[in-house]
Amino acid sequence: MRLCRSGHTDMRLTESVLLLLHCIGINQITAINECTCWPVSSGSGPQPELKIHNRIFIGEESANLWIAAGPRPTDRILALVLRQVLKNTVGFKDAQLLNASYTYHEWLKQMSCNAVETNCSNRPMLHVGLIETGNQTSTFNGFVHSIGELGPRVRRGWFIPSRTVKEAEFGQGPDHWQYFSRQNLAKNFEFNETQLNVYTAMPDGSGKRWCSRLGGFDECDDTGQFVPDRCRNQTCATLLTAFPHENYHDLLMQIKKLKLFVKVAWVGKRLDNLISFLSQNNSRIVFFDYSISPLTFDKEEMTEVLFPSCDTSGQPDGCIYHSARMLKLVWQNIKQGAKQAYRLMENVRLTAGDYRSLMSAYRKSLSDDDDGLLDVACDLCKYKLNIGKWMENVKVYPEIPVLTVVQADRNSVEHATLLAMDKINEANIIPGYIMNQTIIHGNCNGDTVVSSYIESITTNHEQIIAVVGSECNRSLENLVGLANYYAHTVISYNTESATTNDQSGHNYFFRIAPDPSILYGAYIAFMKSQYWGIFAHFFDNAASSWNTHLRAMADIRQLKMEASVKLSSKENPRDDLQIVIEKGYRILIGDFQVSVGLRTMCMAYELGMTWRNKYAWLLPPWLPRNWFNVSLEALPENCTVEKLDDAINYSFAYQFKELEGDDFKTEVGFANVSDFKQKYLEKFSLLPYIGYAYDAIWALAKGLRELQELNQATISLLQERNQTHVKKLINSIRSNPFNGVSGPVHFVNNTRKISQIDIYQYVDGVYNCIDSFFHTRSDSLGEQFGLISQIDPEKLPKNVKKCEKQNRIVYRYGPITDGSPRTYPNNCSSPLFTLINGFLGHRVGCDVAMVIFIVAVMLTSVVVLSLAAGGLLHRYYRQKLKRFEQQQISPFSGLSEYELPEDSVRIYRSLGEGAFGKVYLGEYLKEENCVFPVAVKAAKDPKNLNAKMELLSEAEVMKRFEHVNILRLIGVITQHDKCQIVTEFMMFGNLRSYLQDRRHLAIKGEIHSAHLTRMALDICRGLSYLASLNYVHGDLACRNCLVHETLTIKIADFGFCKNLVDADYYRIVRSGPMPVRWMSPELLSTGVYHIQSDIWSFGVVLYEIITFGAYPYNDLDDNKVQDHIRNGGMPTLPQKVSSKLEALFLRMWMFKKDDRPTALELFEILTADSDLVHPALEESPSRLDYITIGAQNRHSKSTSSPGPTRTNRLRARSPPGSSHNTVQRIRYNTTTATARINIDKAF
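Under mature numbering (1 follows the signal peptide of the UniProt record, and there is no 0), residues -31 to -1, 1 to 1212 are what the sequence shown spells out, in order.
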């Protein structure tokens, strides 16, 4: 999968331009100067104003983008720089500052807002530079995300002018703080109380103090100071600091504990100016600040007062002076709701030099009001900060991601969709957004398309909103069902799909190409126009469903499909074609792909099934016109291009009308179709699907435009897969018809309203248009269809047109007939004769016709009476059988509380099958707008009582379990003769296949011991849970352990599970397939299960894990495994197994069950060593697990193999020449006698 983006360069900021970003210009807005950051090309001056208004949406309402700003001038400058970049460079015009004096935890509380429950429109959403200090820890929750540090770490501390430290009376060394523990020295740092009373008051004239009891600071007095008891009657130093919310509790605790003669005065934002003024006057001052601030960044001017560290003091006091992070915080909704802002915040970074520039610029400013600080921010933006680095990979215009599925060899389709997106972006069809696409090269492989689709929606940061594709039926089928669950609109441009014609259950599926089902009508209408009544149909695997539909329509229109032949690209079609020759059928429809078509038409040439012998071939629209013009290597043996050309000469080809006439006026970026062709032909030739693919993108864009005009939050809500808005998008696409390059695009029930197929005849290398078939749908008039040549031109629907050049059909050797005789007698004209003659297809007399009629009446009477009697007997039998079933199923009445409504579960496709049932992928509608995927296990034959009992017994066991490592039962469906159990869906399937698919990663060393140990722990945890409830699983193996999308392992398949509440064992009472390679010695010898039997099986599971799905006992055939285990044998371990892990295997595989550890003991062992279970690869594993319990083949003589002795068997190797590939392969339903084991005696 690779990413392709629309390339409209005028609407996005390229990396080279971003490096030139700076701020220019000053505008007056609401009395505050604004500076605008714009990219400038070298020498070209400023770019025009950014014509975009990005928004953040909370639900469906837009909100301001609030940037948190603390009271410190430096905090506000940083917030202003961020605001200017967001407003004028990224386009968030509603970015605003939220000024507040909050503590670290108060900011977190303010930002922790649940938009589902609370109005978050006035809460801070971004915070740059929040300092995490002291004992404060990052108590982030699900609503606030930390996305890194702003720059170098900072510390808080006491600072004094450096000149003061040099004075002899202050002292030297690490005992600075002790100076303030002596009253006679500390008094030298007293501050004038009268002046201080002015500075501790807020500047708003209210008389309030920065620190007061009303603000929650209980120990501040009326002057806004903290005065310790020891300073009330004597002079003490005055510690000046800014805001109490930053340090109040820390300073009080420190002063009290160290018994310092220090008072604290909080002076707010005046601190910087006050300290600068006092410093210039050589006053003795001590203040509390950060190590990076306008006052302290010059290390020569200020010296930090040293205090005891945490390590030396043994107290937490000094810990408040440890280095602290400056964090960048974002509200959770920003990541999806304002992706550009989130990406910008990830890039924001300040170096030590940036901090010096900030401090220097602030100190040079003359004001700390809003205007003055904004000037500083603009100066930094313009000259100092590398804003271009911040803007790297920030997409100013938000993108609308679309997933496009194409074949790798169809880059013409990829170019068509890219061209459509360029035109849409140039015209600004969806204002403020750019469409782009992620390309999946599906190559008609359903598994590839589905896996790439799931990967895209689970790993892509930009959630897609729609899917365009797929390129063929095989991949479209699975994609539509899965996209319906994930609420993604799918617009198909291909013409091959015969399925998904029924739109019920596929509400999000559109077909921009004509409905392929009209091809049946085109075949039938043309054959009737030529008076052909019978035909043969050739098709390949990709068109299997076509055969059924074509036969049904032929029956309705009174034509007869005499032969239907399924062809293979690997088999010779000679015999199939020979049968058609013998039957005399002359009208041949070929629905096949190129590979099958080459082989078929070459053989048709060899057998003479061509125009020379008056055969007529009708070929499908998906074959390109030059499909037979291939290289010699691609041709079948003894075939040439010339032979192929002769074989299809005078054949009829059907082509969907993908492009309208050159003069057709469009509404999709080109004036007419001719302009589109001219632009497209600059790089590519006109190939199939380009018109439909181009219009598919436009249909989506026009639907999005209408919704976006009604609700600006539409794109964001669609990316969240909001089902209400996805349905609105569906309705919007339906209600926005337009003229595309493929003609008028108008949907009726998600299918195109007008479809037209042109019918061509290939004559001597030229395709001549001979007629056209149309099909229109209308809510008022219903359906209209037919050949244009047979309808009055005045009655033709609008926009249905004839071929530009109509040609006559050419028959080289006269008209072709369908091969049936059409001679009728002249001596009998009765309707009865006509009826019988038409039925038999050959000439009979009137007397014979009468005899046939009488016999037919008598036979019909007998049949009717027999059917009536049979119906009565059948009804009696069904009633009796139903009473019997109710008696048998009554023990499961406890499942009634798990009964689900029949219409609440929808089944999509098969995942696998077992002896009694099949497993399907489905979805469960729990309540309105609450749908999630499930696995549905259903009886193969709902009328089979044994199958029902098996399924209901398993459900009866599962309902008792509730554990993270046990597959959860959701419910059952038993109404209307159904028998289904519904469980949670496990995306990655069973553990064995999961491991086998990742063997190559283990070989490369990319899977480590911790991964495997975690898997083993999950299984062990589930096994321990079962044991605590006295349940034995009985069939523990990797194939019965499933892998959740979170990679959690869950135990499943409880068909053998039993409760040992009445005894510590239970005896096998069933026959059939048994997992002997996972069975313990006592089970094979006595037929009795114990709790410890599961421990043996867990050992084999552990063996499967470390070997990535290897087959246990792969050097023994199935008839020898049981004797090997009974005689003390066990699986052969690889040489790479560690001695510690080998010892654990020995304990789990002890011959006596009581010597094995319990599941709880195993859990403790695995928990204690995360590297215990490590990779140890050996040969590729077999895929077969079960052999059947029953009578051994009396003609088979197998010698038992006791296996290696107990002292050396763990390291034994396979005998020379042995291979697991020689092991007989047996599946669930095997009945091979030689594969049976005889343990009947043990029972």
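Cβ coordinates follow ideal geometry from the N, Cα and C atoms, glycine included. Source: prediction; values computed, not measured.
Going by the beta-carbon positions, is the gap between residue i and residue j smaller than 9 Å?
i     : j     : result
S90   : A170  : no
V236  : P197  : no
L519  : H506  : yes
V436  : Y462  : no
D344  : S334  : yes
R781  : Y619  : yes
T635  : V732  : no
L686  : F1114 : no
G1003 : S1062 : yes
A908  : Y889  : no
G660  : K770  : no
I129  : F256  : yes
A482  : R721  : yes
L1141 : S978  : yes
L298  : L77   : yes
Considering Cα atoms alone, identify which of the options is closest to residue i.
i     : options                : result
W1065 : L1131, D1087, P870     : L1131
I876  : V599, N447, V831, F639 : N447
Y623  : W596, A491, E540       : A491
K887  : S873, L864, A916, C899 : A916
P263  : I244, Y477, E627       : I244
A155  : F930, T207, I398       : T207
A532  : D545, T693, N999, A64  : D545
V900  : D872, E925, E923, L914 : D872
N362  : Q79, N316, I757        : N316
P93   : Q301, M390, R581, F639 : Q301
Determine the direct distance from the alpha carbon of residue j to that of residue i, and round the result to whole angstroms.
i     : j     : result
L1146 : I1075 : 7 Å
M222  : D267  : 29 Å
K724  : D664  : Per the sequence shown, the amino acid found at residue 724 is Ser instead of Lys. S724 and D664: Cα-Cα distance of roughly 14 Å.
P713  : S486  : 19 Å
G577  : M570  : 10 Å
G126  : S260  : 7 Å
Y867  : S879  : 23 Å
W515  : M522  : 11 Å
K497  : N380  : 39 Å
L387  : N405  : 8 Å
T373  : A662  : 9 Å
K529  : T786  : 14 Å
K648  : P784  : 43 Å
M1048 : F957  : 26 Å
F158  : N216  : 20 Å
H1059 : S997  : 13 Å
C82   : F112  : 6 Å
E975  : I408  : 28 Å
Does the CB of residue i have a neighbour CB from chain D at under 9 Å?
i     : result
A1145 : Of the chains in the structure shown, none is chain D; there is only one protein chain.
| message | Can you confirm whether the region 365 to 382 touches the region 67 to 79 when touching is taken to mean that 3 or more C-beta pairs between the two stretches lie within less than 8 Å? | response | no
| request: Could you name each continuous beta strand (DSSP E) segment of 3 residues or more that falls completely within the region 297 to 379, going from the start of the chain to the end? | output: 368 to 375
| request: Tell me the start and end of each unbroken alpha helix (DSSP H) in the region 154 to 187 that is at least 4 residues and wholly inside, in chain order. | output: 162 to 168
| said: If we require 3 or more residues per run, which beta strand (DSSP E) segments fall completely within the region 714 to 794? | reply: 723 to 732, 735 to 747, 751 to 756
| said: With three or more C-beta pairs closer than 8 Å as the rule, is the region 989 to 996 touching the region 933 to 945? | reply: yes
| Any contact of the region 554 to 563 with the region 581 to 588, i.e. 3+ C-beta pairs under 8 Å? | yes
| message | Extract the residue ranges of the alpha helix (DSSP H) inside the region 610 to 658, only unbroken runs of 4 or more that lie entirely within it. | response | 610 to 617, 642 to 649
| said: Could you tell me which whole alpha helix (DSSP H) segments of length 4 or greater appear in the region 525 to 582? | reply: 543 to 552, 563 to 576
| Should the region 299 to 317 be called in touch with the region 156 to 167, which here means at least 3 C-beta pairs below 8 Å? | no
| request: Any chance you could list the alpha helix (DSSP H) runs of at least 4 consecutive residues sitting entirely within the region 974 to 1039, in chain order? | output: 978 to 997
| Cβ contact check for the region 1073 to 1091 and the region 955 to 965: 3 or more pairs under 8 Å | yes
| message | Can you confirm whether the region 396 to 410 touches the region 348 to 357 when touching is taken to mean that 3 or more C-beta pairs between the two stretches lie within less than 8 Å? | response | no
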